[in-house]
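Engineer:
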Amino acid sequence: MILYFSGTGNSRYAAQVIESVTKDETASLNRLMRRDAGAAIKSERPLVFAAPIYAWRIPRAVESFIRAASFEGCKKAYFVVTCASEAGNAVHYAKKLCESKGLEFMGLASVDMPENYVALMNVPDRERSESIIRATTPQIFAIAESISRGAYISDYRPSFIDIIKSAVVNPLFYLLAVKSKSFRATDKCTGCGRCAELCPLNGIEIKEGRPEWNGRCTHCMACISGCPAEAIEYGKRTVGKRRYYNEGYNTKPASE
């Protein structure tokens, strides 16, 4: 089973490419998180977790879901992570997570995708984004073939700097940066509720036709990037900045 977490579509895209090769069932962790933190996952085939990298580790929301979930059937677990730079020492934490859940760690592979963290970074234009995706898609296919063969996947060895980033910078990132209080809706907001539908943590409520953020946030950028009216800003940092949203592999419907 392929389980993906995706805010702006990059990891969903990777999951869809893998699905096209393995012909395995795909499920959205975003949806599962909204429904049940202690979900029961049953799969007779290896588990494939597709997720982004947040500050050189997989998102805490994904870690928390895996810790709370129960897994029946095949115990092999692969991690395919998407990032705009590098994965740091994410492999170490993914392996420890598997050990804590009685899963057999089958490796972590990282693939480059367009930058999407609009709250802090500039995202590439459409042409550059498409170029990055075209260049990285063959790598995802190769990873999927390895998964189909039951082979171990790993494409890098963390450096000392990677270790520091994941161990020190990641906790600081969550402590200092991962807040929802700076999100706001502008006058362009139509009250469609799309942002609330996209939020994997049920962190947005629509009140009197306007979104309100309740503090549950993982900075996935789904709300700000998926808003059809581009009516959401993060303080003043995102005003006038380009948004990024990956619509999916082979134009597959992008529900979240």
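Quick note: the sequence shown uses my numbering, first residue 2, plus one each step.
All C-beta atoms in this analysis are idealised placements derived from N, C-alpha and C, irrespective of residue type, glycine included.
From a predicted model like this one, the values you see are computed outputs, not experimental measurements.
(1) Indicate whether valine 275 and isoleucine 54 have their beta-carbon atoms separated by less than 7 Å.
(2) Could you name the residues of the same chain whose beta carbon sits closer than 6 Å to that of serine 183, not counting the 5 residues immediately before and after it, in chain order?
(3) Grouping DSSP H, G and I as helix and E and B as strand, with all else coil, what is valine 22?
(4) Go ahead and label glutamate 116 buried or exposed: buried means 16 or more other beta carbons lie within 10 angstroms of its beta carbon, across all protein chains shown.
(5) By the DSSP assignment, the alpha helix (DSSP H) with serine 130 in it spans what residues?
(6) Look at the alpha carbon of serine 7 and the alpha carbon of serine 149, and state the distance between them as a whole number of angstroms.
(7) So, under 8 Å CB-CB, glycine 192 and glycine 210 are touching, yes? Tell me the CB distance rounded to an integer number of Å.
(8) Does the beta-carbon of proline 60, which I'm using as the reference point, lie nearer than 6 Å to any heavy atom of the ligand PLP?
(9) If you check the beta carbons only, do leucine 98 and isoleucine 67 fall under 7 Å apart?
(10) How would you write the range of the beta strand (DSSP E) that leucine 4 sits in, first residue to last?
(11) With three or more C-beta pairs closer than 8 Å as the rule, is the segment 25–44 touching the segment 236–251?
(12) Whose CA, out of Gly227, Ala232, Arg195, lies closest to the CA of tyrosine 245?
(13) Between which two residues does the alpha helix (DSSP H) harbouring alanine 197 extend?
(14) Measure the beta-carbon distance from isoleucine 133 to methionine 114 and round it to whole angstroms, keeping in mind my assumption that it falls under 8 Å.
(15) Nearest by alpha-carbon distance to aspartate 163: which of Leu202, Lys208, His93 is it?
(16) Taking only the alpha-carbon atoms, compute the straight-line gap between glycine 151 and lysine 102 and give it to the nearest angstrom.
(17) What are the start and end residues of the alpha helix (DSSP H) that includes proline 172?
(18) Can you tell me which residues form a DSSP beta bridge with arginine 238?
(19) Pull up the DSSP beta-bridge partners for glutamate 105, would you.
(20) Any idea what DSSP makes of serine 181, helix, strand or coil?
(21) Can you list, in chain order, the residues of its chain with a C-beta nearer than 6 Å to that of threonine 166? Leave out the 5 residues immediately preceding and following it.
(22) Could you check the C-alpha separation between serine 44 and leucine 30 for me, to the nearest Å?
(23) Roughly how many angstroms lie between the CA atoms of arginine 129 and leucine 177, to the nearest whole one?
(24) Would you identify the three-state DSSP class for leucine 202, choosing helix, strand or coil?
(25) Quick check: what's the CA-CA separation for serine 181 versus alanine 230?
(26) Could you check how far apart the C-beta atoms of alanine 95 and alanine 51 are, in whole angstroms? I think they sit under 8 Å.
(27) Got a sec? Which residues, its chain only, sit under 6 Å from isoleucine 141 by beta carbon, not counting five neighbours each side?
(28) Quick one: is leucine 4 buried, meaning 16 or more other Cβ sit within 10 Å of its Cβ, or exposed?
Structural biologist: The structure says:
(1) Outside the displayed range of the chain (2 to 257) lies residue 275, so it cannot be described from this structure.
(2) Tyr235, Gly236, listed in sequence order.
(3) Helix.
(4) buried
(5) 127–150
(6) Taking the CA atoms as reference points, serine 7 sits about 23 Å from serine 149.
(7) 4 Å
(8) Inclusion of the ligand PLP in the displayed structure is not the case, the ligand content being empty and no account of it being possible.
(9) In contact: leucine 98 and isoleucine 67 (Cβ atoms closer than 7 Å).
(10) 3–5
(11) no
(12) Gly227
(13) 195–199
(14) Their Cβ separation, rounded to whole angstroms, is 7 Å, which keeps isoleucine 133 and methionine 114 in contact under 8 Å.
(15) The alpha carbon of aspartate 163 has as its nearest neighbour, out of Leu202, Lys208, His93, the alpha carbon of His93.
(16) 20 Å
(17) 171–177 is the span of the alpha helix (DSSP H), which, as asked, contains proline 172.
(18) For arginine 238, which the question treats as bridged, DSSP gives no partner whatsoever.
(19) Lys77
(20) Residue state, collapsed to three classes: coil.
(21) As written in the sequence, residue 166 is lysine, which differs from the threonine given in the question. Correct list, in chain order: Trp57, Gly89.
(22) 15 Å
(23) 30 Å
(24) coil
(25) 20 Å
(26) The Cβ separation is near 12 Å, so there is no contact.
(27) Ala15, Val18, Val112
(28) buried
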